[in-house]
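Quick note, the sequences are listed as chains A and B, same order. Sequential numbering from 1 applies to the first sequence in this note's numbering. Sequential numbering from 439 applies to the second sequence in this note's numbering. Virtual Cβ for every residue (Gly too), placed ideally from N, Cα, C.
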Amino acid sequence: MKTASAAAEISKFARLTAVWLGIIFGAVWVTCWLVGVFLPTLVEQANFWQRDVTLAVANTLRMLVPILAVMVFIPINAMFMVLAERRALALFTVRKGPNRVGPDGLLQTAADAVKLLFKEDITPRGADAVMFTLAPIIFFAPSIIGVLPLLCAASANHDLFKVAGLPTGIFYVIAVASIPVVGIVMGGWASNNKYSLVGGLRSAAQAISYEIPLVLAIITVCLMAGTLDVVQIANKQSGGLLTWNVFGGGALLQMNLSSPVSILAGVSMLISCILLFLIYITGACAEVNRIPFDLPEAESELVSGYNTEYSGIKFAIFFLAEFTNLFVVCTIATVMFLGGGHAPFPVLEKPVIDWLAGVLQGIPREAGWLIRSFVQAETLCGAFWVILKTYTLVIFAILVRATLPRFRIDQLMDFGWKRLIPLALILLIAVTFLRELV
Amino acid sequence: MSTELKTTGLKTDEMIINMGPQHPATHGVLRLLLTLDGEFVKHVEPVIGHLHRAQEWQGQNRTWFQYQALIDRVDYLSGMFTSWALSRAAEKIEGIKIPLRAEYMRVMVSEMNRITSHLLWLGTYLIDLGAMFGFPFYPFREREKLLDLLEAVAGQRMMFNYIRIGGVQREAPPGWFAKLKAFTEEFPDRVDEYEAIVTKNPIFLKRTRGIGNLKKEVAMDYGVTGPSLRASGVPMDLRRTKPYSVYDRLKFEVPVMEGDGDTWARYMCRIKEMRQSNEIVKQCLDQIPGGTPEELREKRKACNSCGKADCPNCGGDLQIMVKKQNAGLRIKAGEGFEAVESPRGILGCYVVSTGGDTAYRFKWRNPSFSNLSVLPVLLLDHPIADIMAIFGSLDVILPDVDR
Numbered sequence: 001m002k003t004a005s006a007a008a009e010i011s012k013f014a015r016l017t018a019v020w021l022g023i024i025f026g027a028v029w030v031t032c033w034l035v036g037v038f039l040p041t042l043v044e045q046a047n048f049w050q051r052d053v054t055l056a057v058a059n060t061l062r063m064l065v066p067i068l069a070v071m072v073f074i075p076i077n078a079m080f081m082v083l084a085e086r087r088a089l090a091l092f093t094v095r096k097g098p099n100r101v102g103p104d105g106l107l108q109t110a111a112d113a114v115k116l117l118f119k120e121d122i123t124p125r126g127a128d129a130v131m132f133t134l135a136p137i138i139f140f141a142p143s144i145i146g147v148l149p150l151l152c153a154a155s156a157n158h159d160l161f162k163v164a165g166l167p168t169g170i171f172y173v174i175a176v177a178s179i180p181v182v183g184i185v186m187g188g189w190a191s192n193n194k195y196s197l198v199g200g201l202r203s204a205a206q207a208i209s210y211e212i213p214l215v216l217a218i219i220t221v222c223l224m225a226g227t228l229d230v231v232q233i234a235n236k237q238s239g240g241l242l243t244w245n246v247f248g249g250g251a252l253l254q255m256n257l258s259s260p261v262s263i264l265a266g267v268s269m270l271i272s273c274i275l276l277f278l279i280y281i282t283g284a285c286a287e288v289n290r291i292p293f294d295l296p297e298a299e300s301e302l303v304s305g306y307n308t309e310y311s312g313i314k315f316a317i318f319f320l321a322e323f324t325n326l327f328v329v330c331t332i333a334t335v336m337f338l339g340g341g342h343a344p345f346p347v348l349e350k351p352v353i354d355w356l357a358g359v360l361q362g363i364p365r366e367a368g369w370l371i372r373s374f375v376q377a378e379t380l381c382g383a384f385w386v387i388l389k390t391y392t393l394v395i396f397a398i399l400v401r402a403t404l405p406r407f408r409i410d411q412l413m414d415f416g417w418k419r420l421i422p423l424a425l426i427l428l429i430a431v432t433f434l435r436e437l438v
Numbered sequence: 439m440s441t442e443l444k445t446t447g448l449k450t451d452e453m454i455i456n457m458g459p460q461h462p463a464t465h466g467v468l469r470l471l472l473t474l475d476g477e478f479v480k481h482v483e484p485v486i487g488h489l490h491r492a493q494e495w496q497g498q499n500r501t502w503f504q505y506q507a508l509i510d511r512v513d514y515l516s517g518m519f520t521s522w523a524l525s526r527a528a529e530k531i532e533g534i535k536i537p538l539r540a541e542y543m544r545v546m547v548s549e550m551n552r553i554t555s556h557l558l559w560l561g562t563y564l565i566d567l568g569a570m571f572g573f574p575f576y577p578f579r580e581r582e583k584l585l586d587l588l589e590a591v592a593g594q595r596m597m598f599n600y601i602r603i604g605g606v607q608r609e610a611p612p613g614w615f616a617k618l619k620a621f622t623e624e625f626p627d628r629v630d631e632y633e634a635i636v637t638k639n640p641i642f643l644k645r646t647r648g649i650g651n652l653k654k655e656v657a658m659d660y661g662v663t664g665p666s667l668r669a670s671g672v673p674m675d676l677r678r679t680k681p682y683s684v685y686d687r688l689k690f691e692v693p694v695m696e697g698d699g700d701t702w703a704r705y706m707c708r709i710k711e712m713r714q715s716n717e718i719v720k721q722c723l724d725q726i727p728g729g730t731p732e733e734l735r736e737k738r739k740a741c742n743s744c745g746k747a748d749c750p751n752c753g754g755d756l757q758i759m760v761k762k763q764n765a766g767l768r769i770k771a772g773e774g775f776e777a778v779e780s781p782r783g784i785l786g787c788y789v790v791s792t793g794g795d796t797a798y799r800f801k802w803r804n805p806s807f808s809n810l811s812v813l814p815v816l817l818l819d820h821p822i823a824d825i826m827a828i829f830g831s832l833d834v835i836l837p838d839v840d841r
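Below, the structure written as structure tokens:
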């Protein structure tokens with residue numbers, strides 16, 4: 001492909017991303033507004049019932065906002081990610097990618113989703129029908145409930161999302177994120193297919209091996225932040241690039257420049273944290289079965305692994321959940337390592353928020369009586385950075401997929417147990433001491 | 439057969455898995471009956487014949503002219519070589535010496551065909567190793583350019599039917615040589631690009647180094663030929679050991695790998711071969727008698743393209759065909775065997791003619807068949823994940839096996 005046409009393809013990709021992000025966050029925003037602002041206000045104004053009943057109904061509606069936002073967000077987001085992945089892969093591999101359905105192929109995944117919905121739902125002979133049906137649900141459900149605390153961090157602790165916050169947020173997220181593997185094993189077992197079974201078992205082995213370094217990396221971050229609450233962890237990284245956990249979590253700023261020990265400790269801290277981030281990314285890739293760790297569905301060996309026998313809507317749910325899981329691990333990385341909703345430079349944060357707040361104040365009362373009570377400048381700004389960072393990580397995962405071949409199962413185990421886990425343990429201990437020395 | 443774990447007293451059984459014929463990675467319709475002990479292969483039985491089309495029998499029931507078009511389908515990735523082997527066998531019986539320009543054209547298109555075949559192998563092999571969506575498209579970019587050139591000269595992208603008994607089908611179109619020259623100039627850089635992505639990739643090295651070791655003696659016992667044999671350290675290449683056509687006039691290396699003959703060596707051997715083929719095409723472009731089609735056309739203005747055999751501009755070595763073919767093509771009574779070095783190994787054609795317009799007997803010696811036969815030995819005690827890594831490295835084309 002010539003440079004000019006490559007540039008054209010990139011601009012098309014950017015346009016597509018912009019349109020889809022508009023659709024996603026427009027839909028989420030409308031949902032939040034409807035359930036969190038419009039309906040409660042309506043209930044309160046109408047005042048059908050006694051005062052306390054009215055308040056209870058309105059508050060229940062407000063509390064439903066996070067879960068409804070996630071449930072609207074996830075399917076649309078997964079549809080966008082599938083399309084983005086295909087277009088990005090096409091870009092990386094000098095092709096065009098899907099560009100026929102709708103303008104620039106915008107509606108490709110919508111069409112795919114419709115197709116999958118109308119396909120026959122097959123349960124193979126000899127399969128355990130209950131388990132077979134339950135598997136995609138168990139695979140998918142955790143990704144919905146798992147992101148809730150992260151939502152709280154991503155929206156800069158907006159009033160409507162506060163209810164989703166947990167003092168032990170990251171612990172909950174990690175715990176929930178390890179459930180999907182049960183779904184994979186169930187699906188592999190219930191399919192009554194040798195390839196599926198091997199895929200499911202591989203997935204279990206892989207998840208067990210790679211969750212350990214992943215969690216060790218997260219624990220180290222929690223240790224540095226001194227809390228398990230994702231909102232607080234994100235807020236501790238508010239001072240620009242150097243306070244981000246990936247760059248040492250502020251160790252470089254605290255270090256005493258006159259003491260060589262302190263400088264050494266600060267630099268070691270920086271290196272340790274970058275390594276921890278890489279360990280996390282590797283573990284996350286394995287956790288969500290992305291190349292080079294896509295052994296559970298290794299096409300050249302196991303046909304399609306655990307989802308060989310799945311078709312129609314069940315397959316669609318597996319597919320959806322896979323992309324959602326990728327999104328979730330990328331969001332965790334954003335919140336834990338890359339400063340959450342905070343800008344890389346403080347200059348980009350406070351003035352922008354002030355300016356946005358001014359603009360919001362300027363909206364005339366008649367047009368904005370509901371908007372102003374709901375939209376906050378901090379939330380808008382924070383959400384922007386979270387989205388930017390998360391999708392950058394997603395694109396990075398796609399780039400990795402476009403580059404690397406697949407590990408063999410024993411090499412995978414070898415890499416996980418003999419390299420990553422010892423390294424993560426060493427780094428955990430190193431960080432424990434280094435942060436005292438800085 | 440069952441083995442007993444002494445510590446726990448648990449019994450484990452061997453599992454029999456049918457890999458294929460409908461498996462996404464078997465490159466067609468090979469069926470492998472695998473006996474697995476856990477993840478490890480204990481016994482393999484390749485079941486072939488799903489693509490049997492009775493190509494030899496069809497040759498005995500079709501005229502020479504018809505069969506030439508059919509035989510490209512035997513090895514669909516290197517159609518030039520099958521038609522070349524057939525043409526050479528028939529020419530041997532007939533006692534034809536074909537013009538030099540036609541020989542050079544044959545070598546040129548065949549080497550281009552070899553590059554396209556190896557490029558396709560490279561892409562699909564990386565798919566076998568699990569690089570599903572990225573790298574495999576890069577070799578196809580170059581393959582596309584070569585196929586466009588082959589299409590321009592032969593009229594077809596896969597079933598060329600270009601090399602005919604007595605020469606080649608037609609002269610190259612104007613501008614073809616220049617385009618091909620431009621391609622040969624840029625191709626080594628492209629191969630460097632592939633090597634930059636693949637050859638030093640640690641995951642790729644882990645998946646290929648020391649896996650599927652094919653010892654020299656075993657390879658020779660099983661009749662393995664082509665790059666798979668040369669990767670085991672046997673310098674056996676018909677183009678060099680028994681030069682045919684104009685290969686004795688061309689300078690090229692035959693890449694032979696030292697060591698155990700693992701899958702990595704087979705990969706490396708093919709990469710090197712692509713560079714050598716590129717060199718051969720380059721030399722052919724310089725050496726071909728008559729030069730480019732444009733130059734030839736200028737020269738032929740002098741004699742008004744008379745087409746006489748003794749004309750210095752039209753006849754002799756500047757022809758591309760001894761005699762224009764037609765459907766009534768007949769070959770003298772006699773028998774002949776000729777072999778060429780195809781991208782997969784030695785491709786031989788044995789033919790008996792009784793003088794009619796149909797051959798009496800055909801027998802093909804297909805490299806893929808012999809190369810596949812060594813698979814059970816190679817796969818023994820390897821994990822399932824390596825089956826495709828090893829099978830892919832042999833570059834077997836199933837229609838070529840089954841004919």
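Alpha carbon to alpha carbon, what distance is there between residue j and residue i?
i         : j         : result
B:Met-439 : B:Asp-819 : Low local confidence applies: a pLDDT of 41 at B:Met-439 is under 50, so the model's placement there is unreliable, with the coordinate-based value given in what follows. Taking the straight line from one Cα to the other gives about 16 Å.
A:Ala-8   : B:Glu-736 : 43 Å
A:Arg-51  : A:Ala-175 : 40 Å
A:Phe-384 : A:Pro-213 : 30 Å
A:Met-1   : A:Arg-95  : Low per-residue confidence applies at A:Met-1: pLDDT is 47, beneath 50, and the placement is therefore not dependable enough to give any value.
B:Leu-734 : B:Ile-536 : 18 Å
A:Ile-184 : A:Ser-203 : 7 Å
Look at the Cβ atom of residue i, then the Cβ atom of residue j, and state whether they are nearer than 8 Å.
i         : j         : result
B:Arg-713 : B:Pro-626 : yes
B:Leu-676 : B:Val-778 : yes
B:Ala-827 : B:Thr-622 : no
A:Gly-200 : A:Pro-292 : no
B:Arg-539 : B:Asp-755 : yes
B:Gln-498 : B:Tyr-798 : yes
A:Asp-104 : A:Lys-12  : yes
B:Asn-551 : B:Ser-521 : no
A:Met-269 : A:Leu-434 : yes
B:Leu-723 : B:Leu-652 : no
A:Ala-154 : A:Val-386 : yes
A:Val-72  : A:Cys-152 : no
B:Ile-455 : B:Leu-472 : yes
A:Val-288 : A:Glu-322 : yes
Does DSSP classify residue i as helix, strand or coil?
i         : result
A:Leu-61  : helix
B:Met-674 : coil
A:Val-288 : coil
B:Ala-419 : Any answer about residue 419 of chain B is impossible in this case: the structure gives chain B only from 439 up to 841.
B:Pro-462 : coil
Given 8 Å, three or more beta-carbon pairs between the segment 566-580 of chain B and the segment 503-512 of chain B: no
contact_flag[the segment 416-424 of chain A, the segment 230-249 of chain A] where n(CB pairs < 8 Å) is 3 or more: no
Against chain A: residues of the segment 578-598 of chain B by CB proximity under 7 Å: Arg-579
Residues of the segment 399-411 of chain A whose Cβ lies closer than 8 Å to any Cβ of chain B, in chain order: Arg-401, Ala-402, Thr-403, Leu-404, Pro-405, Arg-406, Phe-407, Arg-408, Ile-409, Asp-410, Gln-411
Three CB pairs or more closer than 8 Å across the segment 348-361 of chain A and the segment 248-263 of chain A: no
Residues in the segment 465-495 of chain B having any Cβ partner in chain A nearer than 8 Å: Glu-477
Residues within the segment 182-201 of chain A neighbouring chain B, beta-carbon criterion of under 7 Å: Lys-194
Given 8 Å, three or more beta-carbon pairs between the segment 51-63 of chain A and the segment 300-310 of chain A: no
Positions along the segment 69-102 of chain A whose CB lies within less than 7 Å of some CB in chain B: Leu-89, Phe-92, Thr-93, Val-94, Arg-95
Three or more C-beta pairs below 8 Å linking the segment 310-328 of chain A and the segment 113-128 of chain A: yes
Interfacial residues, the segment 640-673 of chain B to chain A, with Cβ spacing under 7 Å: Ile-641, Phe-642, Lys-644, Arg-645
Cβ pair count under 8 Å reaching 3, the segment 208-223 of chain A against the segment 275-286 of chain A: yes
Interface residues of the segment 805-831 of chain B facing chain A [CB-CB below 9 Å]: Pro-821, Ile-822, Ala-823, Asp-824, Ile-825, Met-826, Ala-827, Gly-830
Members of the segment 607-638 of chain B near chain A, C-beta cut-off 9 Å: Ile-635, Val-636
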